[in-house]
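For reference, each letter of the sequence shown is one residue, going 290 to 363 in the numbering used here. For glycine and all other residues, C-beta sits at the position ideal for the given N, C-alpha and C. What follows is a short report on a single structure.
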Amino acid sequence: MMKRKNIVINIKGVRFTDGEIQEVRYKNIPLRISEKNCSNGLHNILVVFTYKEIQPARYESYLVGVFDDESLDQ
Ligand SMILES: [Zn+2]
């Protein structure tokens, strides 16, 4: 979890909101993080993206970055 924060904090345009529940935003849209295994299952991949309903039933998603184990260890 700490590693995630270290990665996210270094992405240009990412802001942490103030308040009781701290939210991470990218261009003022809440940031989402999905953890996956790579195709051969050896590495953890972190997919950082935004996902927002812009009109009813219309969504916009923006891929902010994809990071692997090695970035996680830095
Ligand atoms: Zn791999």
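Look at the alpha carbon of residue i and the alpha carbon of residue j, and state the distance between them as a whole number of angstroms.
i: Asn299; j: Pro345; result: 33 Å
i: Pro319; j: Tyr340; result: 8 Å
i: Phe249; j: Gly330; result: Because the chain here runs from 290 to 363, residue 249 falls outside it and cannot be looked at.
i: Ser350; j: Glu312; result: 18 Å
i: Lys368; j: Val355; result: Residue coverage of the chain in this structure runs from 290 to 363, which leaves residue 368 outside it and unanswerable.
i: Lys301; j: Ile310; result: 22 Å
How would you write the range of the beta strand (DSSP E) that residue i sits in, first residue to last?
i: Asp357; result: Arg347 to Asp357
i: Leu335; result: Asn333 to Gln344
i: Ser323; result: Ile318 to Asn326
Should residue i be labelled buried (16 or more other beta-carbon atoms within 10 Å of its own) or exposed?
i: Val353; result: buried
i: Leu348; result: For the sequence presented, residue 348 should be read as Tyr rather than Leu. Per the 10 Å Cβ criterion, exposed.
Would the C-beta of residue i count as close to ligand 1, meaning under 7 Å from any of its heavy atoms?
i: Leu320; result: no
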